[in-house]
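Engineer: Going by full-length UniProt numbering, the first residue of the sequence shown is number 1, and it counts up by one from there. Each residue gets a CB set at the ideal place from its N, CA and C atoms; glycine is no exception.
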Amino acid sequence: MHALPADLRAMAFRGAPIDNRALAAAATADPATRWLAAVTVGAQGRYAAAYALLEPLSVATDPVLASLACSTIGSHRRQLGGHHAARRWDALAARHAARARSDGVGTDPDGIGPTGALADALLGLAADALAVGRLAEAAALVDRAAAPARGSWRTRVRHAWVSAELVLASGRASAAVAPAERAAALAREHGAARHAVKSDIVLAVALATAGSAGERARRLALQALEATEGAGWHSLCWPAALAAADASADAGDGRSAAWLRRRAGDHLHRVLRAADAAGRRIAEHSPWVPNVDKLLDRAQTRTFGGRSCAK
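1. Pick from Ala243, Ala210, Thr209: whose alpha carbon is nearest that of arginine 219?
2. Once you ignore the five residues that flank alanine 126 on each side, which residues in its own chain have a CB closer than 6 Å to its CB?
3. Using the Cα positions of isoleucine 18 and alanine 26, report the straight-line distance between them to the nearest angstrom.
4. Once you ignore the five residues that flank leucine 122 on each side, which residues in its own chain have a CB closer than 6 Å to its CB?
5. Please tell me whether, using a cut-off of 6 Å, the distance from the CB of aspartate 110 to the nearest non-hydrogen atom of the ligand NAD is below it.
6. Using DSSP with H/G/I as helix, E/B as strand and the rest coil, what is tryptophan 288?
7. Just mark glycine 305 as buried or exposed, buried being the case when its beta carbon has 16 or more other beta carbons within 10 Å.
8. Under a Cβ-count criterion, where at least 16 other Cβ atoms within 10 Å of its own Cβ denotes burial, should alanine 98 be classed as buried or exposed?
9. Report the three-state DSSP secondary structure of glycine 306 (helix, strand or coil).
10. Would you say alanine 180 and leucine 166 are within 7 Å of each other, going by their C-beta atoms?
11. Exposed or buried, which one is proline 239 when buried takes at least 16 other CB atoms within 10 Å?
12. Can you list, in chain order, the residues of its chain whose CB lies under 7 Å from that of alanine 10, leaving out five sequence neighbours each side?
13. How would you call aspartate 128, buried or exposed, if buried means at least 16 neighbouring beta carbons within 10 angstroms?
14. Along the alpha helix (DSSP H) that carries glutamate 44, what are the first and last residues, could you check?
15. Taking the alpha helix (DSSP H) that proline 239 belongs to, which residues open and close that run?
16. Looking only at its own chain, which residues have a Cβ that is under 7 Å from the Cβ of alanine 173, when we skip the five neighbours before and after it?
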């Protein structure tokens, strides 16, 4: 894969301000550049636009690019609560990655190569499995992903996310704190602002679920909400708002919790409007995605649960 534009790498992985003119130009560029554009618009919650770029790339002759495209579609489906739909794409990603010539420990700084593609596919499959209760399968996939994930900061962060979610799903919330902390530190070390904020959301959920450091969980979630809103990362706005709502409810601040749930509803409504038809159907029927109308009607039940954060 040839050298990718530095400005698009920065938008996709370093949290650089989004340049819509550059994104529009990238949408008609070479296939690898189109994939980077899709990653960026997906982070904005513009899933229909991302899918339009990714679907043709999912059958690219380059197995690495095809694998990365399939994994990205799987991630977007998972963010809409579609773990079964995501599994199909992640399995395709794994098959494409198996055809790619290995690059050893990985040579691309952001994991855009055979090793990174394999790690992404395995971690996607692990996230799909743990969300539907297949914890032993998820654990085995996380173990398989450990070696290829070492090739880049990005895949190491993702490995830590899924590791944290696995122990959360296993009922060991306190054990999820360490991998979430590790992910946040690693992302910040590499200047990856979006990944750092995502890590903070995972950490906030782990802390709140463990029942310790509740004020820290609330602060992290509120800071994540502010950061995601400011950067336009709408795919993360509503999970951050729900994490903050749950932490506020735990602190006995029902008024703030209700306000934050309404805010989550606003963000989720925006994301669903920008999703493709299949994505909207997935979200509508998913137990992992709260009902927008109930959020906007000040639903008082706990809303965050154990949703999958792998991305």
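Structural biologist: In brief:
1. Ala243
2. Around alanine 126, the same chain offers Ala138, Leu141, Val142, Val162 as residues with beta carbons nearer than 6 Å, after the five sequence neighbours per side are excluded.
3. 13 Å
4. These residues qualify, in order along the chain: Leu141, Arg144, Ala145.
5. Only the bare structure without any ligand can be found here, which leaves the ligand NAD out of the picture.
6. coil
7. A caution first: glycine 305 carries a pLDDT of 42, below 50, which makes its placement in the model too unreliable to give a value.
8. Answer is exposed; the Cβ neighbour count stays below 16.
9. Caution applies to glycine 306, whose pLDDT of 42 falls short of 50 and renders its modelled position unreliable; the value that the coordinates give is listed next. Glycine 306: coil per DSSP, three-state reduction.
10. Taking the C-beta atoms as reference points, leucine 166 is found no nearer than 7 Å to alanine 180.
11. buried
12. Ala16
13. buried
14. One point to set straight first is that residue 44 is glutamine, not glutamate, in the sequence displayed. Unbroken run through glutamine 44: none, as it is neither H nor E.
15. 234-250 is the span of the alpha helix (DSSP H), which, as asked, contains proline 239.
16. Ala206, Thr209, Ala210
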